[in-house]
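Encoded structure:
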């Protein structure tokens, strides 16, 4: 399936110089959405994981059906002040600013094996921060899955030591 043909591109969004890859048209197409989830499943089923970590917000879109298909639990990784109880936090750089993610302290137990999934790999900041949170809590990141990878931003280089898979690549 031509996934690139299902992804809309908006130039200079959200700020000038950014070429935004919009997955809304892809996920609105039931066949394309199912195809993507099945592709992720084919990769993830060999990873021997017990949890799927889903960064807010678009990680939820693909991570939830993937966890369901794999029979695994979900671990939300959210923006600040969205999770009750004790949390671990990490701040990171985006391609156009900074952000912080949090995870509940009891969400990961020592020995948990976690697949992290998100819609986009750009600079690698979000997923790297999520991986460090998993590891701080004693878990192991066994793989990282992305629908889109912007190869020109070299996010994969920021993730050395992790298994990284993406379904679609763009130079920038």
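Numbering (our numbering), first residue to last: 86 to 257.
Each residue gets a CB set at the ideal place from its N, CA and C atoms; glycine is no exception.
Would you list, in sequence order, the uninterrupted alpha helix (DSSP H) runs of no fewer than 4 residues that lie entirely inside the segment 138-182?
-> 144-155
Segments of 4+ residues assigned as alpha helix (DSSP H) that fall wholly inside the segment 172-241 | 210-221
Measure the alpha-carbon distance for residue 183 versus residue 175 and round it to whole angstroms.
-> 11 Å
Beta-bridge pairing of residue 96 - partner residues as DSSP gives them | Residue pairing of residue 96 in beta bridges, as defined by DSSP: 104.
Residue 124 versus residue 252 - alpha carbon distance | 8 Å
On the premise that residue 227 lies in contact with residue 248, defined as a C-beta separation below 8 Å, what is that separation, rounded to the nearest angstrom?
-> 7 Å
Does the beta-carbon of residue 209 have 16 or more other beta-carbons within 10 angstroms, so that it is buried, or is it exposed?
-> buried
Classify residue 111 as helix, strand or coil using the three-state DSSP reduction.
-> helix
Cβ pair count under 8 Å reaching 3, the segment 124-136 against the segment 98-112 | no
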